[in-house]
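S.K.: In the numbering used here, the protein residues as written are 175 to 611.
We treat Cβ as the ideally placed atom computed from N, Cα and C, and that holds for glycine.
Since the model is a prediction, treat every value here as computed from it, not as a measurement.
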């Protein structure tokens, strides 16, 4: 655990100088408008106003927690940019720590997995992955394969002496493992966020994600232990998430689906957890309908994308990257000269390697189901809007879980194939988790 905590803290400390080098707040028009609204309402003395109506930008959203958070920052720091950015930095750290705790309970894996995912997510949120993207994905795959081979040789793993003397189905499994590793690293390194710390309006998404992740942790503990304390804390945190941003409302169906999937283990606790999450979502909807106009504002109309095909392509491409190649292949068609170029071959190899992803999904479906479910549900409403970086903060949790699982399954399959009893090892290590998803 100590290595995980240290790595997460080091990554966030690497990003800390950005807090103190942030540009003046009023250079951003949205931030300037929020500061004006805080001043006009009387600062902390008028914070109750945001619980009874529209939020700071008055563009048709009920976000009292985000409004109160920014008002508190203004009371503490005035218009000093570093104070607002420091709060954003703390929220990113809070999300990463929450994911470290959430992962083992959600995916039925060892705690080390949680810290591994938290380290990766920290690198993505702080933009550290941008320093790694110039290097080829194949380089990272090769490093992992060579590292695993050396580890297996030095640690006394009983390697199969016939591995290099015969060509059998295990080489197909090695190819599938390489495919899972390739896509895991390719997507993982492609995610980098550049302004979550400096851009003050991202506070809404950061608060929603931080409260949402920790609410999920509490709901899972409530289901496992039947504790009313954890259930109440989960409900409170979830209400705070919903009062910060609209996107976490998609965690209600996720928690409900998780409770249903684990009803055999959780027994009657499954219904109380699902009911609490749904009740919180219903309460925030009722408050929103009571205090904020139901007529779409000009801002909301501007944010909606004009067609259905664009959002669907964005959505499914983020979930299943080969979908993004549809437009390319439709354009080039069967033109033979295109194969003289490198690009179509790269795309074709990527498509073939995706077979490893599909096999990994099936073999570890009990784990991938939760990761994909989180990603798919939280991304769905945002796909219909013109993209902003902070829209992906909450879906990135599920996406990073998926990518880390792909890398984990690829490593497991490759190590298994190095051993004499590879078939049995591969089968024993790919059972679905006890939730039965």
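Run through DSSP, which three-state label would residue 457 get?
M.R.: It is helical.
S.K.: Within the continuous alpha helix (DSSP H) that includes residue 501, where are the two ends?
M.R.: Run containing residue 501: 500-506, per the alpha helix (DSSP H) assignment.
S.K.: Taking Cβ to Cβ, would you say residue 272 is nearer than 8 Å to residue 387?
M.R.: Cβ distance < 8 Å, so residue 272 and residue 387 count as in contact.
S.K.: What three-state label does DSSP hand residue 629 in the structure shown?
M.R.: Coverage of the chain is limited to positions 175 through 611, which leaves residue 629 absent and any answer about it impossible.
S.K.: Can you tell me the Cα-Cα spacing of residue 348 and residue 524, whole angstroms?
M.R.: When rounded, the distance between both Cα atoms is 16 Å.
S.K.: Going by other Cβ atoms of all chains shown within 10 Å of its Cβ, with 16 needed for buried, is residue 583 buried or exposed?
M.R.: Residue 583 is buried by the Cβ-count criterion.
S.K.: Below 8 Å between beta carbons: does that hold for residue 279 and residue 391?
M.R.: Yes. Within cutoff.
S.K.: Starting from the Cα of residue 300, find the closest Cα among 476, 485, 190, 178 and give me that residue.
M.R.: Comparing Cα-Cα distances from residue 300 to each of 476, 485, 190, 178, the minimum goes to 190.
S.K.: Pick from 366, 257, 269: whose alpha carbon is nearest that of residue 302?
M.R.: Ranking the options by Cα distance to residue 302, first place goes to 366.
S.K.: Report the partner residues of residue 559 according to the DSSP bridge assignment.
M.R.: Per DSSP, 478.
S.K.: Between residue 287 and residue 545, what straight-line distance do the alpha-carbon atoms span, to the nearest angstrom?
M.R.: Answer to the nearest angstrom: the Cα atoms are 13 Å apart.
S.K.: Helix, strand or coil for residue 208? Go by DSSP, reduced to three states.
M.R.: In the structure shown, residue 208 sits in a helix (DSSP, three-state: H, G or I).
S.K.: With distances taken Cα to Cα, identify the nearest neighbour of residue 483 among 226, 328, 558.
M.R.: For the residues 226, 328, 558, the minimum Cα distance to residue 483 belongs to 558.
S.K.: Three-state secondary structure (DSSP) at residue 611?
M.R.: In this prediction, residue 611 scores a pLDDT of 31, lower than 50, which makes its location untrustworthy; no coordinate-derived value is stated.
S.K.: Could you check how far apart the C-beta atoms of residue 244 and residue 204 are, in whole angstroms? I think they sit under 8 Å.
M.R.: So it is not a contact: roughly 11 Å between Cβ atoms.
S.K.: Taking the alpha carbon of residue 310 as the point to measure from, which residue in 214, 520, 350 has its own alpha carbon closest?
M.R.: Closest option to residue 310, Cα to Cα, is 520.
S.K.: Does residue 420 come out as helix, strand or coil in the three-state DSSP assignment?
M.R.: Coil.
S.K.: Quick one: Cα of residue 547 to Cα of residue 572, how far?
M.R.: Between residue 547 and residue 572, the C-alpha separation is close to 7 Å.
S.K.: At what residues does the alpha helix (DSSP H) containing residue 324 begin and finish?
M.R.: That run of the alpha helix (DSSP H) goes 311-328.
S.K.: Does DSSP classify residue 196 as helix, strand or coil?
M.R.: Residue state, collapsed to three classes: coil.
S.K.: Could you spell out where the alpha helix (DSSP H) holding residue 486 opens and where it closes?
M.R.: 483-493 is the span of the alpha helix (DSSP H), which, as asked, contains residue 486.
S.K.: Which of the three DSSP states, helix, strand or coil, is assigned to residue 447?
M.R.: Helix at residue 447.
S.K.: Just to confirm my understanding: we take residue 611, look at its own chain, exclude 5 residues before and 5 after, and list those with CB closer than 6 Å. What are they?
M.R.: Low confidence applies to residue 611: its pLDDT is 31, below 50, so where it sits in the model is not reliable enough to give any reading.
S.K.: Under the three-state reduction of DSSP, which class applies to residue 182: helix, strand or coil?
M.R.: In this structure, residue 182 counts as helix in the three-state DSSP scheme.
S.K.: Got a sec, what are the start and stop residues for the alpha helix (DSSP H) residue 377 sits in?
M.R.: From DSSP, the alpha helix (DSSP H) with residue 377 extends over 377-399.
S.K.: Which residue's Cα is closest to the Cα of residue 198: 255, 247, 233, 248?
M.R.: Looking at the Cα atoms, 255 is the closest of the given residues.
S.K.: Are at least three pairs of beta-carbons, each pair with one atom in the region 412-425 and one in the region 455-462, less than 8 Å apart?
M.R.: Flag = yes, the region 412-425 and the region 455-462 touch.
S.K.: Tell me the rounded alpha-carbon separation between residue 179 and residue 294.
M.R.: Whole-angstrom Cα-Cα distance: 12 Å.
S.K.: Which residues mark the beginning and the end of the alpha helix (DSSP H) in which residue 279 is found?
M.R.: Taken as a continuous stretch (DSSP letters only), the alpha helix (DSSP H) holding residue 279 covers 255-281.
S.K.: Grab me the residues of residue 550's own chain with a C-beta within less than 7 Å of its C-beta, minus the 5 sequence neighbours each way, in chain order.
M.R.: These residues qualify, in order along the chain: 493.
S.K.: Quick check on this structure: which residue in 526, 343, 432, 379 has the alpha carbon closest to the alpha carbon of residue 592?
M.R.: That would be 343, whose Cα lies nearest to the Cα of residue 592.
S.K.: Let me know if residue 422 comes out buried or exposed under the rule of 16 or more other beta-carbons within 10 Å of its beta-carbon.
M.R.: Flag for residue 422 reads buried.
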